[in-house]
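First comes the structure, then the notes that go with it.
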Amino acid sequence: MKFIVSSSYLLKQLQVLGGIINNNNTLPILDNFLFDLDGNALTVSASDLETTIASNLEVESSEKGIVCIPARLLLDTLKTFPEQPLTFTIEDNNTVEISSNHGKYALAYAPGDEFPSTIELKDPSSTVLQGDILATAISKTIFASGNDDLRPVMSGVFFQFSTEGLTFVATDAHKLVKYTRTDVAASQSAEFIMPKKPLNLLKSILAGSEQEVTIEYNDSNAKFTFDQTVLICRLIDGKYPNYEAVIPKENPNKLSIDRNLFLNSVRRVSIFS
Numbered sequence: 030m031k032f033i034v035s036s037s038y039l040l041k042q043l044q045v046l047g048g049i050i051n052n053n054n055t056l057p058i059l060d061n062f063l064f065d066l067d068g069n070a071l072t073v074s075a076s077d078l079e080t081t082i083a084s085n086l087e088v089e090s091s092e093k094g095i096v097c098i099p100a101r102l103l104l105d106t107l108k109t110f111p112e113q114p115l116t117f118t119i120e121d122n123n124t125v126e127i128s129s130n131h132g133k134y135a136l137a138y139a140p141g142d143e144f145p146s147t148i149e150l151k152d153p154s155s156t157v158l159q160g161d162i163l164a165t166a167i168s169k170t171i172f173a174s175g176n177d178d179l180r181p182v183m184s185g186v187f188f189q190f191s192t193e194g195l196t197f198v199a200t201d202a203h204k205l206v207k208y209t210r211t212d213v214a215a216s217q218s219a220e221f222i223m224p225k226k227p228l229n230l231l232k233s234i235l236a237g238s239e240q241e242v243t244i245e246y247n248d249s250n251a252k253f254t255f256d257q258t259v260l261i262c263r264l265i266d267g268k269y270p271n272y273e274a275v276i277p278k279e280n281p282n283k284l285s286i287d288r289n290l291f292l293n294s295v296r297r298v299s300i301f302s
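Positions 30 to 302 (the working numbering) are the ones given, in order, by the sequence shown.
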């Protein structure tokens, strides 16, 4: 198995995937990237069992193969290279050789079949929206979600899709945020709770992006597909609290204020808190 790829192109993709890898994995194989080569198409995956993210890269090759390469070691190695083509050669002695303009480097690899298989969604529903809309919705809600292990449903963001629009809700029982978009809608109603880790990853990837994101979901999993990337995660199991019940229906007290003026004032007085 052998392929050639741009050092900066590979590093950029792996840095995104590396955000899903835990520092202390219960399964050692999860400390690796999965490299799945099929001709000039290379799929690189990373997983923490709850969330799996994969990117498709175009490389120079005519071979096939699948191996697991240590993620941190590979990332640290790639960061030292200036832009140049790198040749990856999988040797029979369980090492992958990386050849550059400046030398050769050998890393141990593990068999690719030891890596957990990707979850396939059964009978999913789907919705399509623009990347920056999803990133904005996450940014405006995720900070309000909780961290209480005893109430896991509050540790994520509640997605509520309907034919009239999309609603995103987060609360930790002390504060609550409801963000609604009526300029986009789903073909049918659906509700699910997304965990924070994959949402933070999506927020960083999709910020300012105009590309379309296809969201597929069923009762237990959600799948986000955009550009050359696929993210699949397990949903938080449980029923979300009736947040509408705590939002005042009639409140006679209303205040309109310049946003920046208010924000600067809060920042100024918070120094003395």
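Glycine included, each C-beta is placed from N, C-alpha and C at the ideal position. Just so it is clear, the structure is predicted and the values come from calculations on it, not from any experiment.
Gln-159, DSSP secondary structure in three states: strand
Three-way DSSP call (helix, strand, coil) for Ala-173 in this model: helix
Spatial neighbours of Leu-102 in its chain, beta-carbon cut-off 8 Å, leaving aside the 5 residues before and after: Cβ-Cβ distances below 8 Å link Leu-102 to Leu-136 in the same chain, with the five nearest sequence neighbours on each side left out; the list follows chain order.
C-alpha gap between Phe-188 and Pro-145, whole angstroms: Cα-Cα distance, rounded: 27 Å.
Straight-line gap, Ile-95 to Thr-72 (C-alpha atoms, nearest Å): 9 Å
Lys-204, buried or exposed, once every other Cβ within 10 Å from all chains shown has been counted against 16: exposed
Short Cβ contact (8 Å threshold) for Thr-124 with Ile-261: no
Spatial neighbours of Thr-196 in its chain, beta-carbon cut-off 6 Å, leaving aside the 5 residues before and after: If we look at Thr-196 and ignore the five residues flanking it on each side, its Cβ neighbours are Gln-189, Thr-209.
Where Asp-60 sits in the DSSP three-state scheme: Helix, per DSSP.
Bridge partners - Phe-187, DSSP secondary structure assignment: In the DSSP output, where bridge partners are listed per residue, Phe-187 has Val-198, Ile-222.
The region 213 to 232 / the region 262 to 274 touching (three or more Cβ pairs under 8 Å): yes
Distance CB(Leu-158)-CB(Val-206) smaller than 8 Å: no
Cα-Cα separation between Asn-289 and Asn-282, rounded to whole angstroms: 21 Å
For Tyr-246 and Pro-153, believed in contact at Cβ under 8 Å, the rounded distance: Confirmed, about 6 Å.
Pairwise C-alpha distance: Val-182 and Ala-215: 23 Å
Supposed contact pair Ser-168 and Gly-175 - C-beta distance, whole angstroms, cut 8 Å: At roughly 17 Å, the Cβ-Cβ gap does not stay under 8 Å, so Gly-175 and Ser-168 are not in contact.
As assigned by DSSP and simplified to three states, the class of Phe-32: Under the three-state reduction of DSSP, Phe-32 is assigned to strand.
Reference Thr-211; option with closest CA among Ala-199, Arg-297, Thr-192: Thr-192
8 Å Cβ cutoff met for Leu-163 and Val-34: no
Proximity winner among Val-88, Asp-178, Val-298, Leu-228, relative to Ala-70 (alpha-carbon distances): Nearest C-alpha to Ala-70 among Val-88, Asp-178, Val-298, Leu-228: Val-88.
Three-state class that DSSP yields for Arg-180 in the structure shown: coil
CA-to-CA distance, Leu-231 to Pro-114, given in whole angstroms: Each residue's alpha carbon lies about 29 Å from the other.
Check: Leu-235 C-beta below 7 Å from any heavy atom of the ligand MN: Judged by which ligands are present, the structure shown has none, so any question about the ligand MN falls away.
Alpha-carbon to alpha-carbon, Asp-256 and Glu-112: Going from the Cα of Glu-112 to the Cα of Asp-256 covers about 23 Å.
Three-way DSSP call (helix, strand, coil) for Lys-207 in this model: strand
Alpha carbon of Phe-110 to alpha carbon of Arg-296, nearest angstrom: Cα to Cα, Phe-110 sits roughly 42 Å from Arg-296.
Endpoints, the alpha helix (DSSP H) within which Leu-290 is located: Leu-290 -> alpha helix (DSSP H) spans 288 to 299.
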